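Numbering (my numbering), first residue to last: 5 to 183.
Now the structure itself:
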């Protein structure tokens, strides 16, 4: 098994900083970025040094990931705009099933390999995708609940002001699904 790349030995905080810097620089300026990264490594007392070529190879790999995520995000946004809010839960379910299928295929292909041949990053990325979809579904549910609460408050205020009858308010709440 080959030794890990130096870039993979970076502490998580520095790897996060590096990824932010790569995106901010438009995946350019590797010489300056390598200098700043090595300065930070030295300031933290780490003996690890990253060369520009290693940083460029990692940057190209990370750029491809970022572009794929942006394309998938744009596709999902377009797909989600085609349907109404009521179908959003179904879309989350479909996306979750798609990623679960990919995770299963990846794990199945890894099952035939020895433990030292399995790249933990593969499983890590799949896990993060699943977690992100579940989190976004939860956030969306919270937004929907807050919107319903606001709509219910408007109906209550209209009834209190005498703009609508209490029966109308109750019927509207039932129709809107928050009786």
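Beta carbons: idealized from backbone N, C-alpha and C, even for Gly. Note that the coordinates shown come from a computational prediction; the quantities given were computed from them, not determined experimentally.
Taking all protein chains shown into account, decide if residue i is buried (16 or more other Cβ within 10 angstroms of its Cβ) or exposed.
i           : result
residue 173 : buried
residue 41  : buried
residue 11  : buried
residue 102 : exposed
residue 166 : exposed
residue 26  : buried
residue 106 : exposed
Among the options, which residue has its Cα nearest to the Cα of residue i?
i           : options           : result
residue 66  : 23, 99, 50        : 23
residue 14  : 45, 129, 35       : 45
residue 31  : 61, 165, 161, 131 : 61
residue 181 : 123, 156, 132     : 156
residue 58  : 105, 43, 37       : 37
residue 104 : 56, 63, 134, 129  : 134
Going straight from the alpha carbon of residue i to that of residue j, what length do you get?
i           : j           : result
residue 177 : residue 146 : 18 Å
residue 170 : residue 149 : 22 Å
residue 18  : residue 78  : 28 Å
residue 100 : residue 136 : 10 Å
residue 8   : residue 16  : 15 Å
residue 20  : residue 132 : 15 Å
residue 6   : residue 152 : 55 Å
residue 179 : residue 154 : 15 Å
residue 161 : residue 123 : 58 Å
residue 35  : residue 28  : 15 Å
residue 54  : residue 76  : 31 Å
residue 39  : residue 68  : 23 Å
residue 163 : residue 175 : 12 Å
Relative to the ligand ZN, is the shortest distance from any of its heavy atoms to the C-beta of residue i smaller than 6 Å?
i           : result
residue 102 : As far as ligands go, the structure on display features none, and thus does not contain the ligand ZN.
Query raised in the report: Can we say the segment 32-50 touches the segment 70-78, given the rule of at least three CB pairs closer than 8 Å?
Result: no
Query raised in the report: Which ranges does the beta strand (DSSP E) cover as unbroken runs of at least 3 residues, wholly within the segment 144-177, from first to last along the chain?
Result: none
**Report entry** Runs of beta strand (DSSP E) wholly within the segment 33-74 (minimum 3 residues, chain order)
**Finding:** none
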